[in-house]
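Asks:
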Amino acid sequence: MLVTATGAASPTDGLGGLVGVAARAIDSLGEWGVGAFTLAETVVPPIPSEVILPLAGYLAKQGSLNLFLVFVTSTLGAYLGALLLYWLGAKLGLERSIRGLSKLPLVDREDFEHAAGWFRRHGRSSIFFGRLLPGVRSLISLPAGAASMPLGTFSLYTLAGSGLWNGALIGLGYLLGTQYRLIEQYSRFLNYAVYAALVVTVVLLVARRVKRAKARR
169 MLVTATGAAS
179 PTDGLGGLVG
189 VAARAIDSLG
199 EWGVGAFTLA
209 ETVVPPIPSE
219 VILPLAGYLA
229 KQGSLNLFLV
239 FVTSTLGAYL
249 GALLLYWLGA
259 KLGLERSIRG
269 LSKLPLVDRE
279 DFEHAAGWFR
289 RHGRSSIFFG
299 RLLPGVRSLI
309 SLPAGAASMP
319 LGTFSLYTLA
329 GSGLWNGALI
339 GLGYLLGTQY
349 RLIEQYSRFL
359 NYAVYAALVV
369 TVVLLVARRV
379 KRAKARR
């Protein structure tokens, strides 16, 4: 295990793969970097919050980050990302927004339609509970904006749902931070899960596009 110049072991030592890269990035960028990650993940998911936030909680337990500030910045980042999608939905309408955003990599039109259907069925409660559901969490803001949901209501439900989700994941990492070996094991299995999810996502996207191309013929 590597040690720092002061002789103390670095809290990111032993974390390899994608999880290790994410942990070192969080450690370098600090609490506001966590907020930037959650903002980006809300709009165009690069690395899921299921990876970022437990690692941030772990680093807070090791003393590298402030636990309260991690919670505040992550929730603020999630809210600002949601607000951007809400604004796009309100400005462009649902159909134009979906048509434009579905051109982004690793995003498909069906994902947006699924979120829109969830919003139609559940209304304002979908903003709160949607924050707890992968695949819906990042996209539910778009139909809310298109439907002209009151901004105050949207903000309240978004902050409450995002805060609950973020707090749970950060708390998990904080608790695991007391057991360094568990973190090492957790990171190894999480790496496998992340890589598997990326492979499945790419395969599904390719299959969708092939199916859609055949349907046009």
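Going left to right, the sequence shown walks through residues 169 to 385 as the working numbering numbers them. Idealized CB from N, CA, C, for every residue including glycine. The structure presented is a predicted model; accordingly, all values stated were derived computationally and were not measured.
#1: Determine the extent of the alpha helix (DSSP H) in which Gly231 is found, giving its start and end residues.
#2: Taking Cβ positions, are Pro311 and Leu262 nearer each other than 8 Å?
#3: Where does Leu244 sit, in a helix, a strand or coil, going by DSSP?
#4: Give me the residue from Ser323, Ala315, Gly320 and Leu332 with the minimum Cα distance to Leu301.
#5: Compare the C-alpha of Arg305 against each of Asp195, Ala328 and Leu197 and name the closest.
#6: By Cβ distance below 8 Å, which residues in the same chain neighbour Asn234 in space, the five residues on each side in sequence not counted?
#7: Provide the residue span of the alpha helix (DSSP H) that contains Val202, from first to last.
#8: Is the region 190 to 209 touching the region 242 to 255 in the sense that three or more CB pairs, one from each, lie closer than 8 Å?
#9: Would you give the residue range spanned by the alpha helix (DSSP H) that Arg289 belongs to?
Replies: Result, derived from the coordinates:
#1: From DSSP, Gly231 is part of no alpha helix (DSSP H); its letter is neither H nor E.
#2: Inclusion of Pro311 and Leu262 in the CB contact set at 8 Å is warranted, their separation being smaller than that value.
#3: Assignment of Leu244 by DSSP, reduced to helix, strand and coil, places it in the helix class.
#4: From the listed residues Ser323, Ala315, Gly320 and Leu332, the smallest Cα separation to Leu301 is found for Leu332.
#5: Looking at the Cα atoms, Ala328 is the closest of the given residues.
#6: Here the set comprises Glu199 and Ala228.
#7: Run containing Val202: Glu199 to Val211, per the alpha helix (DSSP H) assignment.
#8: Contact holds: three or more Cβ-Cβ distances are below 8 Å.
#9: Where Arg289 is concerned, the enclosing alpha helix (DSSP H) stretches over Arg277 to His290.
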